[in-house]
Amino acid sequence: MSTLTKAGIVDYIYERTDKNRAEIKDLVEIILEIMKKSIKKDHALLISGFGKFEAYDKRARKGRNPQTTQTITLPPRKVVVFRLSRKFRAELNP
Numbered sequence: 010m011s012t013l014t015k016a017g018i019v020d021y022i023y024e025r026t027d028k029n030r031a032e033i034k035d036l037v038e039i040i041l042e043i044m045k046k047s048i049k050k051d052h053a054l055l056i057s058g059f060g061k062f063e064a065y066d067k068r069a070r071k072g073r074n075p076q077t078t079q080t081i082t083l084p085p086r087k088v089v090v091f092r093l094s095r096k097f098r099a100e101l102n103p
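To convert, count from 1 in the sequence shown and add 9; that's my numbering.
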């Protein structure tokens, strides 16, 4: 199994359109920037038929340094989760 990269997305689109690679790369960058801004601003991004990205705050919690077994407090942070749409889930699990 291989991982699809940004360059892979650009190549995939390039092979199916008459645009040059630079234009496609710029468009992919713009789309990803829009997605990041949406998640930062609204804490959610919904793409119908694909899924929803949601950002939420995680509270500070206790953790342990595995090398020293010292107990430490991990600071609060934001995390992003992705939830599949029902339609996409049905395609993955026929």
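Using N, Cα and C, we set each Cβ at its ideal position, and we do this for glycine too. Being a predicted model, the structure only gives us computed values, none of them experimental.
Contact check, residue i vs residue j, beta carbons under 8 Å
i, j, result
"glycine 58", "lysine 96", "yes"
"glutamate 38", "alanine 53", "no"
"alanine 69", "leucine 55", "no"
"tyrosine 23", "arginine 30", "yes"
Best match in the options for proximity to residue i [C-alpha to C-alpha]
i, options, result
"isoleucine 33", "Val19, Arg92 and Asp51", "Val19"
"phenylalanine 91", "Tyr65, Leu36, Pro103 and Asp27", "Tyr65"
Coil, strand or helix - residue i by DSSP
i, result
"arginine 86", "strand"
"arginine 92", "strand"
"aspartate 27", "coil"
"leucine 13", "coil"
"phenylalanine 62", "strand"
"alanine 53", "strand"
Cβ-Cβ separation, residue j to residue i (assumed contact under 8 Å), whole Å
i, j, result
"valine 89", "isoleucine 48", "6 Å"
"lysine 67", "proline 85", "6 Å"
Residue i - partner residues in DSSP beta bridges
i, result
"lysine 71", "Thr82"
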